[in-house]
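Each residue of the sequence shown is one higher than the one before, starting from 1 at the first, in the numbering used here. Reading through the structure tokens given below for one structure.
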Amino acid sequence: MYFINLMPAIAYLIDMNDRTGGIYGINEAVLASALAALVFSLFSAQPLTIVGVTGLINLFNYTDYDIVKDHGINYLQFQAWMLIWAAIFHFLMAIFNFCDFTRFITDMTSETFGFYVGVIYIQKGIELLTREFSHSATDGWLSVVVAISFALTVYWVEKIRSRGFGPLWARRILADYAFVIATVFFTGFVHIPGYLKSADLVKLPITQSWKPTINRDWVVDFWNLEARWVFIALPFGFLLTLLFYFDHNVSSLMAQARHFPVEKPAGFHWDFFLLGVTTFISGILGLPAPNGLVPQAPVHTESLSVLQHVSSDVPDRDGVVHPDLVKHDQERRRRIKDSGETGGSVDNQLPACKIVRTEVAEQRLSHLGIGLLTLGTMTRPLLVALGTMPRALFAGIFIGVGWSSIEDNGIIGKTLYLIRDPEMTPPNHPLNALRKITILKFIGIQWFTFAIMVAISQTIAAIGFPLVIIALIPFRYYYGPRWFTPAELSLLDSPTANALGVMVSIGGDLSRVTGEGLEVAPDTGFLGSLGLNDKLNPASQSDADLDRRKTE
């Protein structure tokens with residue numbers, strides 16, 4: 001987790017460094033990541049949520065830089081006031097329980113945001129690779145090879161976890177350390193004597209230990225900024241608050257999703273207040289402001305999950321089985337095995353197994369350890385070690401992290417369903433119960449929102465993209481139930497806040513989101529358990545009806 005938290009932050013830093021005149025460097029990225037990890041591991045209500053520097057704050061920061069640089073304004077002073085205003089908005093939103101509204105976030109919004117993030121990250125990776133060609137074609141093409149090889153290696157090694165080759169513990173170790181293995185290997189790969197080393201790829205730029213990248217004090221003299229620019233920074237701080245409101249809370253929701261057997265309750269309001277504290281400190285110190293990390297937060301919870309083999313006939317809920325059921329199943333399998341060894345009936349065969357989660361090791365030490373290790377990265381030996389890493393490797397990190405947000409995204413899945421040959425579609429596919437025009441209308445909203453966000457991000461108005469994704473939340477709440485039936489929404493969409501411990505924290509009853517025990521879920525418009533009917537089950541429909549829906 002130390003590598004998974006630090007390496008993407010440095011990747012974002014490289015792009016930020018190039019596009020802000022070198023103001024942000026390795027020490028700023030490391031200190032911001034360490035600050036967030038230490039504060040949240042010690043004081044947050046839910047320490048499972050990993051907090052650090054994200055690619056979106058990179059986009060936000062260099063857009064701010066482009067806006068203020070032509071006005072002769074000190075960028076760090078302006079950033080300090082922007083983050084001070086943002087911290088104030090964080091405090092107000094936490095005090096007045098604005099995090100309660102996260103229960104209205106569904107997959108329509110979170111999938112669109114995740115898809116946008118994935119595409120932007122891949123774009124940044126490609127942009128970083130194009131800069132390597134400015135030295136020579138050899139350096140450029142070797143950088144492309146290193147970046148793509150790194151991304152593919154991490155992707156394939158992580159997939160080992162779900163393959164059936166080798167014992168579970170060995171597969172899990174390989175999958176958990178895929179990032180570390182690939183980072184160490186490809187850092188050494190470019191230093192192999194001969195043609196590889198002679199290519200002389202650009203390495204990660206480092207500075208003095210414990211000092212800012214440029215010649216300045218750690219405390220920004222924000223009090224010297226002209227008064228009118230102090231208030232000009234206010235709307236910028238509000239836009240940043242909207243970004244953090246969505247990004248941080250969604251990452252926290254994903255870290256405590258229903259498929260993780262988390263028992264301790266969340267604390268969204270306090271954690272968002274705490275995020276305001278780290279935002280304020282970041283402004284004073286001239287750091288990129290940290291917030292919740294969408295890819296890393298659920299990965300952290302996954303790494304703390306206890307996995308067990310159980311028989312395939314053991315009932316589970318979203319891949320979770322209570323430890324008592326696992327123990328009972330293990331005793332049953334042991335009896336069957338003993339019966340076979342003593343000449344028992346051939347009918348007593350061991351059933352096939354599946355992998356389930358039984359519990360999560362909920363603690364603060366892992367997050368605290370990440371923070372301490374990250375802070376130690378500012379020491380000279382570790383900085384020198386980082387300085388041996390090629391920039392191309394970080395382009396691979398951009399591409400790999402971006403693809404992880406795209407591969408299993410619901411927008412892609414539904415789009416591929418529409419263009420798939422109907423004869424090759426499984427007869428029990430859940431979307432078979434819907435008309436294709438209904439699916440097209442749903443993903444059309446997502447594609448349109450995504451296109452607007454990407455278009456805005458390529459202009460000087462890029463800091464306005466949080467308004468678009470935030471606007472999709474009330475749009476889904478008001479127009480989703482009007483444009484789609486509850487049955488259609490149940491198949492096309494899902495609640496993001498879907499765990500009991502989460503709903504306790506954000507002031508809602510789980511049934512209001514999921515519809516359990518109700519006809520229709522009031523907060524999301526999903527068909528409730530009392531309103532389920534045969535049209536949600538494609539297997540219950542006639543072959544003629546299925547054929548009709550496929551051809552529509």
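From the three backbone atoms N, C-alpha and C, an ideal C-beta is built for every residue, glycine too.
Cα separation between residue i and residue j?
{"i": "N498", "j": "R512", "result": "10 Å"}
{"i": "R482", "j": "F526", "result": "12 Å"}
{"i": "L56", "j": "R334", "result": "52 Å"}
{"i": "F78", "j": "V277", "result": "18 Å"}
{"i": "D247", "j": "N291", "result": "8 Å"}
{"i": "D493", "j": "S404", "result": "20 Å"}
{"i": "T388", "j": "A11", "result": "14 Å"}
{"i": "I120", "j": "V51", "result": "20 Å"}
{"i": "P235", "j": "A86", "result": "9 Å"}
{"i": "G373", "j": "E423", "result": "The sequence given here has Leu at residue 373, not Gly. Those two C-alpha atoms are separated by around 54 Å."}
{"i": "A182", "j": "V154", "result": "6 Å"}
{"i": "N17", "j": "G410", "result": "34 Å"}
{"i": "L307", "j": "P265", "result": "22 Å"}
{"i": "F394", "j": "A297", "result": "20 Å"}
{"i": "L510", "j": "P427", "result": "32 Å"}
{"i": "K436", "j": "T425", "result": "13 Å"}
{"i": "T279", "j": "T438", "result": "42 Å"}
{"i": "F40", "j": "L368", "result": "8 Å"}
{"i": "I469", "j": "I336", "result": "54 Å"}
How would you call residue i, buried or exposed, if buried means at least 16 neighbouring beta carbons within 10 angstroms?
{"i": "M7", "result": "buried"}
{"i": "N97", "result": "exposed"}
{"i": "G286", "result": "buried"}
{"i": "T496", "result": "buried"}
{"i": "S305", "result": "buried"}
{"i": "R391", "result": "buried"}
{"i": "L383", "result": "buried"}
{"i": "A137", "result": "exposed"}
{"i": "S143", "result": "buried"}
{"i": "G237", "result": "buried"}
{"i": "L434", "result": "buried"}
{"i": "A178", "result": "buried"}
{"i": "K124", "result": "buried"}
{"i": "V184", "result": "exposed"}
{"i": "T459", "result": "exposed"}
So, for residue i: in the same chain, excluding its five sequence neighbours on each side, which residues have a beta-carbon less than 7 Å away from its beta-carbon?
{"i": "M176", "result": "Position check: residue 176 holds Asp in this sequence, whereas Met was assumed. Excluding positions up to five away in sequence, the list reads S303."}
{"i": "F465", "result": "M453, I456 and S457"}
{"i": "T415", "result": "I443"}
{"i": "P559", "result": "Any question about residue 559 goes unanswered here, given that the chain covers just 1 to 552."}
{"i": "P315", "result": "none"}
{"i": "M378", "result": "N27, V30, L31, S209 and W210"}
{"i": "A199", "result": "T138, D139 and L142"}
Can you look up residue i in the DSSP assignment and give me helix, strand or coil?
{"i": "R216", "result": "coil"}
{"i": "R317", "result": "strand"}
{"i": "I355", "result": "strand"}
{"i": "N249", "result": "helix"}
{"i": "T301", "result": "helix"}
{"i": "H591", "result": "With the chain covering only 1 through 552, there is no way to say anything about residue 591."}
{"i": "Q308", "result": "strand"}
{"i": "K197", "result": "helix"}
{"i": "N97", "result": "coil"}
{"i": "N74", "result": "coil"}
{"i": "V326", "result": "helix"}
{"i": "D347", "result": "For D347, the pLDDT reaches just 48, beneath the cut-off of 50, and the residue's location in the model is therefore unreliable, leaving the point undetermined."}
{"i": "K211", "result": "coil"}
{"i": "K264", "result": "coil"}
{"i": "V146", "result": "helix"}
{"i": "T106", "result": "strand"}
{"i": "V294", "result": "coil"}
{"i": "G52", "result": "strand"}
{"i": "R335", "result": "helix"}
With a threshold of 6 Å on Cβ separation, who are the neighbours of residue i within its own chain once the five nearest residues in sequence on each side are excluded?
{"i": "G396", "result": "A147, F150 and A151"}
{"i": "Y245", "result": "none"}
{"i": "T112", "result": "Q446, T449 and F450"}
{"i": "M108", "result": "R476 and D493"}
{"i": "L128", "result": "A395"}
Which residues in the same chain have their Cβ closer than 8 Å to the Cβ of residue i, if we skip the five residues on either side of it in sequence?
{"i": "S282", "result": "A32, L35, L83, P288, A289 and P290"}
{"i": "L13", "result": "Y24, G25, I26, E28, A29, V53, N58 and P288"}
Exercise. Tell me the start and end of each unbroken beta strand (DSSP E) in the stretch 448-527 that is at least 3 residues and wholly inside, in chain order.
Key: none
Quiz item: Fully enclosed by the stretch 355-440, which alpha helix (DSSP H) runs are 4 residues long or longer?
Solution: 365-376, 380-386, 391-406 and 410-419
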